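First the structure, in the form of structure tokens, and then the observations on it.
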Amino acid sequence: MSFFLQQVGTGLSLGAIYGVIGICIVLIYRSTGVFNFAQGMLLVIGAFICWTFITVLHFPAWLSFVITLVLASILGFVIERLAFRPMIGQPILAAILMTVSLMAVLKGITLLIWGGENQAYQPPMLPQNPAYFGDVVLSQGYLWGFGVAVVMVGLFIYFFRWTRHGLVMSATSEDHQLARGIGIPVSRVFSLSWIIAAAASAAVGIILANLFSASLELEYIGMKAFAVVILGGLESIPGALLAGLIIGLSESMAAGYIDPLVGGGIRDVFPFIVAIVVLVFRPHGLFGWKRIERV
Amino acid sequence: MRLPCGTFNESYASDMAIVRTRLQWGLLIAFAILLFASPLFVSEYWLSIANTIAIYLIAVAGLQILTGYCGQINLGQAAFMAVGAYTSGIMMRTFGLSFWASIPCAAIAAALAGVLFSLPAVRVKGFYLAMTTLAAQFIISWLCMHGGDITRGTFGLLISRPQLGDFVFNTEIRWFYLIVPVSLIMLLLARNITRTKAGRAFVAIRDNDLAAEIMGISLFKHKMLAFAICSVYAGVAGCLWANYLGIATYEHYTLMNSVWMLGMLIVGGFGSMMGVIYGTIFIKLLFEGVCTAAPAIADAIPAIGGAVFAALGLITVGLVIMLFLIYEPRGLNHRWEIIKGTYRLFPFSY
Chain A
17 MSFFLQQVGT GLSLGAIYGV IGICIVLIYR STGVFNFAQG MLLVIGAFIC WTFITVLHFP
77 AWLSFVITLV LASILGFVIE RLAFRPMIGQ PILAAILMTV SLMAVLKGIT LLIWGGENQA
137 YQPPMLPQNP AYFGDVVLSQ GYLWGFGVAV VMVGLFIYFF RWTRHGLVMS ATSEDHQLAR
197 GIGIPVSRVF SLSWIIAAAA SAAVGIILAN LFSASLELEY IGMKAFAVVI LGGLESIPGA
257 LLAGLIIGLS ESMAAGYIDP LVGGGIRDVF PFIVAIVVLV FRPHGLFGWK RIERV
Chain B
27 MRLPCGTFNE SYASDMAIVR TRLQWGLLIA FAILLFASPL FVSEYWLSIA NTIAIYLIAV
87 AGLQILTGYC GQINLGQAAF MAVGAYTSGI MMRTFGLSFW ASIPCAAIAA ALAGVLFSLP
147 AVRVKGFYLA MTTLAAQFII SWLCMHGGDI TRGTFGLLIS RPQLGDFVFN TEIRWFYLIV
207 PVSLIMLLLA RNITRTKAGR AFVAIRDNDL AAEIMGISLF KHKMLAFAIC SVYAGVAGCL
267 WANYLGIATY EHYTLMNSVW MLGMLIVGGF GSMMGVIYGT IFIKLLFEGV CTAAPAIADA
327 IPAIGGAVFA ALGLITVGLV IMLFLIYEPR GLNHRWEIIK GTYRLFPFSY
């Protein structure tokens, strides 16, 4: 029983993080219509920038965090301006290829600047001693991750429902032409969504780097978030969070109960199996929009 | 396609012909002679590059049918290559088949994998389809890695050199005379597939899938067929690649390989077999150029890390694909057609 609860605790905390990564993807998809396959690399770059400031330059943790968010925002702005602005009106195929080649370029830049090694934060940003809930033992990093994820989801919901910029972004996602017609600067909204998504990804990257270490393997966690978005539906922010929790939980369960049968490692591939099953039976996900197409 | 001055298509057969004029026949024969005589005067190094390019040409030609002609993106082509490679390895090691018998096995196994993953893929499109094939890439890689004694996990399957009687394929020249003809035949086959009824149906699906369905083309059947053809090509390429290297390991069939193959399509141009050739040669030579230049760059700028080979390859090729997407999304083939047209009309621009 305690093993079960342990898996639930780990799964939910990891799932909340998946959820936030999923939200970053949904954010860009909803306003710009681009599914960002380079999401994983945004996590990696955020993690490495923060590592540079904390471990190499010995900045205080909070300052490094803020600087990382600022730099990541600039990166998001540059990416949108140089790579995705020319893709407006191009076929989906071109947009997909743009994101995957962006992934390659960002990976190359990371390798060039930081090399391929895993780097631990020194000194660590989060307290290291584990937290106990009855029988369940969780690293405090997971709790922080869960907390940050909940706060970020709250912020996103507040932003999209009650602030002017958020409403403008929601309007843009409905229809670019109409949004332009009522005087919304659509290209500025595109920039803004990339900036927000890049900053949020960097924050998640820092959390993940504290949990594991700053490494290129964090990219794989970003890839798993694609499965989250497929399950939740490409258009839904609450859907991404819920799907994140479901994927995190099911992955953790699979790792706990199926791994002994197949000899380990099912955790790496389980979200993708879920994604395939979802695509077979409910391609638009839990909360996505089922589109009706006309010739 | 613009024809030279005074050449007209008077029948459907001449409209569909691949080689149209006498000059083209002459150039083709001259090129073939040059190609097959080239081992006499080029070094082993260039032959190995030619072999690599020829194997990739097969896989990219399959991808061209699926992505370029049928409009279905595939981020998992390398994984289907892996299916072919591992099938060939298992057939030769465990079941004692010869290399030649293992080629059709590899093709069939890859086709089955392609059809299996096309079941979710035929119902979705765009980003959902990209996600499906990405999942295929990860799941197949994972299976190869965790296949236990069957795939030998991280060690990979060692494969002995193929033989034809006493003739062992152990030098670059011998491989050249095996791989290049196979590659050319597969390319010709791919070009001919696009001229059949199914090929025209693929193009209709790419241009507007709903309109195609209303015209009576079965989307399910044709998308699945395109996936099957694509993975047969991947299977043959994977089988050759594994035997050429003497090892089948999942490390040669990563997501990045799949991405580069799509990049070759973009650089060459969607929807033309000549584009496959231009794109594959361009990207592969770019990689070789980067590998040659990397040590010099690493010496010149000592601050950059030890991963300079991988890093520069990723950055250069990624940037080239991005630039092509922005400035020449129809690829080198389109650019070449423009140059030919301009030359034919010179000095009058119309």
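So the sequences go chain by chain: A and B. Quick note on numbering: my numbering labels position 160 of the first sequence as 176, and the sequence is numbered without any gaps. Quick note on numbering: my numbering labels position 27 of the second sequence as 53, and the sequence is numbered without any gaps. Here a beta-carbon is modelled for each residue, glycine too, at the ideal position from N, C-alpha and C. Quick caveat: nothing in here was measured; it's all calculated off a predicted structure.
Membership of residue 45 of chain A in the alpha helix (DSSP H) is indicated by the continuous run 18 to 48. Interface residue (Cβ-Cβ distance to chain A less than 8 Å): residue 168 of chain B is classified as such. Linking residue 46 of chain B to residue 34 of chain B through their CA atoms gives a straight-line distance of about 10 Å. According to the DSSP assignment, residue 149 of chain A belongs to the beta strand (DSSP E) that extends over 147 to 149. For the pair residue 56 of chain B and residue 165 of chain B, the Cα-to-Cα distance works out to about 45 Å.
Taking the C-beta atoms as reference points, residue 134 of chain A is found no nearer than 8 Å to residue 195 of chain A. Counting only the Cα atoms, residue 285 of chain B lies some 11 Å from residue 163 of chain B.
Within the same chain, Cβ atoms closer than 7 Å to the Cβ of residue 205 of chain A are found at 47, 184, 185, 188, the five residues on either side in sequence being excluded. Neighbours of residue 352 of chain B across chain A, judged by C-beta separation under 7 Å: 102. Residue 54 of chain B and residue 158 of chain B have their C-alpha atoms roughly 40 Å apart. Close partners of residue 35 of chain A in chain B (Cβ separation under 9 Å) are lacking, with about 17 Å as the shortest Cβ gap. For the options B:31, B:65, B:360, the alpha carbon positioned closest to that of residue 198 of chain B is the one of B:65. Only residues of its own chain outside the window of five on either side were considered, and among them 42, 301, 302, 303, 304 have a CB closer than 8 Å to the CB of residue 252 of chain A, listed in chain order. By the criterion of at least three beta-carbon pairs nearer than 8 Å, the stretch 312 to 322 of chain B is not in contact with the stretch 126 to 134 of chain B. With its beta carbon at least 8 Å from every one in chain B, residue 255 of chain A lies outside the interface. Within the model, the alpha-carbon separation for residue 149 of chain B versus residue 350 of chain B is close to 30 Å. Restricting attention to alpha helix (DSSP H) runs no shorter than 4 residues, the stretch 39 to 98 of chain A encloses them at 55 to 67, 77 to 95, ordered along the chain. The distance from the Cβ of residue 221 of chain A to that of residue 32 of chain A is about 15 Å, inconsistent with a contact at the 8 Å cut-off. Flagged as an interface residue toward chain B: residue 132 of chain A, by a C-beta distance shorter than 8 Å. In the structure shown, the three-state DSSP call for residue 274 of chain B is strand. Residues of the same chain with a CB within less than 8 Å of the CB of residue 205 of chain B, apart from the 5 flanking positions on each side, are 77, 80, 81, 266, 270 in chain order.
With a 10 Å radius around the Cβ and a threshold of 16 neighbouring Cβ atoms, residue 168 of chain A comes out buried.
The three-state reading of DSSP puts residue 156 of chain A in helix, counting H, G and I together. For the 8 Å CB-CB criterion, residue 182 of chain B and residue 273 of chain B form a contact. In this structure, the alpha-carbon of residue 214 of chain A lies about 33 Å from that of residue 315 of chain B. In this structure, the CA atom of residue 236 of chain B is about 22 Å from the CA atom of residue 143 of chain B. Taking 8 Å as the cut-off, the beta carbon of residue 231 of chain B is found no closer than this to the beta carbon of residue 344 of chain B. The alpha helix (DSSP H) runs lying completely inside the stretch 220 to 288 of chain B and spanning 4 residues or more are 223 to 233, 235 to 240, 245 to 271, given in chain order. Pairing residue 290 of chain B with residue 371 of chain B, the inter-Cα distance amounts to about 30 Å.
DSSP, reduced to helix, strand and coil, places residue 62 of chain B within a helical segment of the structure shown. For the pair residue 32 of chain B and residue 38 of chain B, the Cα-to-Cα distance works out to about 18 Å.
Residue-level contact by beta carbon holds for residue 149 of chain B and chain A, with a gap shorter than 8 Å.
By the Cβ test, the stretch 89 to 105 of chain A is not in contact with the stretch 297 to 315 of chain B, since fewer than three Cβ pairs between them sit closer than 8 Å. For residue 248 of chain B, the number of other beta carbons within 10 angstroms of its own is at least 16, and it is reported as buried. Residue pairing by DSSP puts residue 184 of chain B in a beta bridge opposite B:273.
With 16 or more other Cβ atoms from the protein chains shown falling within 10 Å of its own Cβ, residue 225 of chain B counts as buried.
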